[in-house]
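Numbering (the UniProt record's numbering), first residue to last: 1 to 870.
In C-alpha cells form, the structure reads like this:
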C-alpha cells in the first residue's frame, strides 16, 4: 500500500505540475478546464468524462456550459457534445459550492446532467472546482476501474486548489480587461499570491537572459531575496551548459519560436548566493506576461532525492562487496519472486549469466523435478516462520545437475510488509557426483549425447504438467527424409557419423531450456517450453530446416539430408499420448506434402485423414455407388440454343457432401488412385453419352475436366482413347478442359500430351482462364481452340468497372488469337447481355441452368435445339 500511495502521490504531483504550466501562458478558463479533465481522467483512469464551465448570471440562477467531452481513447481531448441541462439545479448548487466530491457506484445520481447519445455510465465521480469565493467548474469522471466511493478523495484536494487558483486568475484577467482599475488591481494581487504559492521555483527571464522576477520558492533555492534576484543574469545561477543555450541558439530563443514548452533539462547545477550548489530539473515555458520574448524557467529541486540516491548507492556498494567476498551463492528476490541481484558465486554455480538469472530466469536453474516442491516449501516456510532450509538440485543450461543446500529468509519493508527474499546456497555436489554420472548415462543416447526416449517421455510429462504455469508447450517430431538410402549406400559408420552431426546442428538451433532427444534410428524430438506464441515455434522449425539444408561432410564426400517436421502445440495440461499422436499426424502430413517442410497439427488433419480413408475405400471398392456425374449445359446467349454440356463429378458419401471436387481430386491424385478413378470417370461419361448420340451428331459437345496428373499421364491418355473407341464414340464430340496452372508445370510435356489427344480428335479448352496464372506465352504452342473465363472474373462484373475493363481486354485477346471464348458463372441477365454485347456468345451459369442429373439433361436436349458454336 505504501508503494501504491507513493506512486499515486508522485502522479498527483506531476499532474499539479502540468497544470501549473498553464500559469505562465495566461490561458483561458476553457483551456484550464480541458487540462483538468485530461489530468484527472488519466490520474483516475476514467473511461470518459465531461466538464462544465460555470457562468454566474443575474437573478440568482447559475448557468453552466458544457466545455466538452473526452475519453481515454482520445487522450481526453475535448470533443463537441450535448447534455440535458444548461442551468445548475438549485438542489445541486449548494453541494457544488461546498466543494464536496459526489461519488456513486450505481450510475449517475438523480438530478445530475448526462451526455446525450450512447454513453452508459456504471459509476461516476463528480468533482466541483470551487473555493470559498466561487464555483468555477464541475468535472464528471465516468466508469472508473474501482468504486469511486472507496477513493481517498482528500488526496485530490491539492489538485483542486491549484485548479481553482488558475481559474480564479483567469477570471481576474477577464475582469481586468472589462472592469475599472480597482478591480484590475485586485486581480494582480490575486495573481501575485498564486505566483508565490507554487510548489516549484519559477524565474521569469527576458530575451537577454535577465531575470524579471521570481517567486518565493525560487528565492529560497537561490538564497537571495526576491528583489535582489531581479535584474541579475541567469549566468550567476546556472552552469555553462544552460547559459550557452540561453545566450546561443539556445533554450530561451528556441522556446520563443515554439508554442509549446521545451523538453526538460535534467540534472542542472544551480548555484546559490551563499556558494552552495543544488541539482535541479529545469523546464522552460513561453510566458507572454512581460512581452513576447519573456520565458519562465521552472526549477524543480532534486538535491534531496539525489542525496538519498547516493546514500542508497553506498549501501548497495557495501552489500555487493560482502556478497562478492562471501563463499556462498547469494540471490535476492523482490516481492514478485523476480531476481534483482545474484552474486558471481550463485551465477557460476548455476551456469547462467547475471542477465539470465534476472527476473524469473533464476527459476530455470532449478531442476524441473524439484522446482514446484521447492517453491511451495519456500512460500510456506518463509511466509510462516520467515526462514527456509533444504537441499535441492540445480541444473545448468548445459544439463549439468548440481546439489546445493539452500537457505532463505524473508525481507520486510518499513511498514512490516513482505518486500522480498534473500537466498543462499552451498555446493554439496561432490559426494553425489558418481551417482549423478550414472543417472546422466541412463538418461542420454550414447551415440549423439541427446536425451534418450525414456528421458524424453519424462521431460514431456514434466513440461505438460508445468504448461499452466510457464505457458504453451510445443512438440516437434523430426524425421530424416533420405537417411535409409545414405545408411545403405555409405555404410553404418557413415550413418552414425551423420546422426551425430545432425544432432549437433539441431542442438545448436534451440534454447538451453528446451529439450532435444533421439528416440529412434533417424527420429528426433524437440520439446519447446516457455513460449509466448506460435510464431516462435514456426521460427524454430524454419531454423531447423535451414540448418539441415547445408551439406554434411562424411569422409571425403558431401551428402545432403532434408527432414520433415510435425508440430503439435498445447497451452494447458493435456494427455501425453494424445499429444504424441497429434505430432505424429502432423509429421505424416509434412511427408505427404512433399517432405523438407513442417506442418502444424490442426483438427482438419484428422478430418483429412478420415477423408483419405473414405476416398481410398470409395475409389477401390464402391466407386459406382459413392461417385456420380452431373451435367451443366452451356448455351448461345444470342439464340438460346444449347451448345454443349460439362460433366462434373460429385462425391456422394456423408464426408463428401461439403468437399469441393478440386479437393478430393487432389487427394485422389496424391493417393495414387487417379488412374482407377479416371478410368471410371471417362467410362461413365462415355456410357451416358451414348443416349445423346443424335444430338452429338448434330454438333453437341460434351466437356470433361482433366487435372494436371491426368493429362500428363501417358497411360491415362491411351486409356481415354481406348474407351472412346470401346463405346464407338467420335472423339471430336468431346472437349477436354485443362487448367492454366497445369500447362505451366511442364509446358513442353503438356504440349506433347495435348497434341496427342488433339490428333485423336478431342478439342482442348483452357479452363479457369484469368485466375492468376499466365499461360499467354504458351497458348501459341498448345492446340487450344477456346478459353473458358473463370467465374471469379464474371462475378460482380456489372458492379465493378475495373472488372469490365479486364473483361474487355480478355475478349479482345481471344479475338486477336482467334480463340473461342466461354464465360462461366453467369447468374443474371444484365451480365449476360453485357457479355453478349461485347462478343462473348457462349455462356454457362445458373441463369441458364444449374448442374443437373443425366435424366434432366435428356429433357433439356429434347426441348432446346442443339446449335453449333458461331
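Built from N, CA and C at the ideal position, the CB exists for glycine as well.
Is residue i near the ligand NAP, in the sense that its beta carbon is under 7 Å from a heavy atom of that ligand?
i	result
residue 626	As far as ligands go, the structure on display features none, and thus does not contain the ligand NAP.
Bridge partners of residue i, per DSSP?
i	result
residue 765	737 and 786
residue 425	329 and 406
residue 103	125
residue 632	646
residue 50	69 and 140
residue 851	Note: residue 851 sits in no beta bridge, so no partner.
residue 651	627
residue 476	526 and 567
residue 63	55 and 87
residue 862	Residue 862 is not bridged to any residue.
Which class does residue i belong to by DSSP, given the choice of helix, strand or coil?
i	result
residue 486	helix
residue 218	helix
residue 11	helix
residue 601	coil
residue 867	coil
residue 637	coil
residue 346	helix
residue 142	strand
residue 30	helix
residue 339	strand
residue 756	helix
residue 20	helix
residue 283	strand
residue 614	helix
residue 334	strand
residue 302	coil
residue 238	strand
residue 930	Here the chain comprises residues numbered 1 to 870, so residue 930 is not present and cannot be evaluated.
Candidates the options: which alpha carbon is nearest residue i's?
i	options	result
residue 720	297, 757, 194 and 281	757
residue 492	536, 447 and 767	447
residue 422	518, 429, 411 and 652	411
residue 652	164, 103 and 614	614
residue 788	116, 801, 800 and 764	764
residue 603	123, 596, 597 and 582	582
residue 840	784, 751 and 818	818
residue 335	298, 382, 463 and 687	382
residue 162	140, 216 and 35	35
residue 31	767, 136 and 559	136
residue 45	140, 558 and 144	144
residue 434	490, 403 and 743	403
Residue j and residue i - do their beta-carbons sit closer together than 8 Å?
i	j	result
residue 478	residue 544	yes
residue 351	residue 279	no
residue 699	residue 730	no
residue 643	residue 867	yes
residue 607	residue 567	no
residue 456	residue 519	yes
residue 52	residue 138	yes
residue 271	residue 220	no
residue 267	residue 202	no
residue 127	residue 160	yes
residue 428	residue 406	no
residue 632	residue 850	yes
residue 674	residue 709	yes
residue 505	residue 474	no
residue 22	residue 155	no
residue 209	residue 229	no
residue 661	residue 648	yes
residue 349	residue 425	yes
residue 48	residue 70	yes
residue 605	residue 516	no
| said: Three Cβ pairs or more, each shorter than 8 Å: is that satisfied between the region 584 to 602 and the region 554 to 567? | reply: Counting Cβ pairs under 8 Å, three or more are found: they touch.
**Prompt:** Should the region 325 to 342 be regarded as contacting the region 293 to 311, the criterion being three or more beta carbon pairs within less than 8 Å?
**Reply:** In short, these stretches do not touch, since the Cβ pair count stays below three.
Would you call the region 836 to 844 in contact with the region 852 to 863, where contact means no fewer than 3 C-beta pairs closer than 8 Å? Judged by pairs of C-beta atoms under 8 Å, the region 836 to 844 does not touch the region 852 to 863, as fewer than three such pairs exist.
Does the contact criterion of 3 or more C-beta pairs under 8 Å hold for the region 354 to 361 versus the region 438 to 457? By the criterion of at least three beta-carbon pairs nearer than 8 Å, the region 354 to 361 is not in contact with the region 438 to 457.
Q. Is there contact between the region 480 to 497 and the region 412 to 424, where contact requires at least three CB pairs shorter than 8 Å?
A. Touching, no.
Cβ pair count under 8 Å reaching 3, the region 160 to 171 against the region 61 to 71
No, because fewer than three Cβ pairs between the region 160 to 171 and the region 61 to 71 fall closer than 8 Å, the two stretches do not touch.
_Given 8 Å, three or more beta-carbon pairs between the region 460 to 470 and the region 494 to 511_ = Touching, no.
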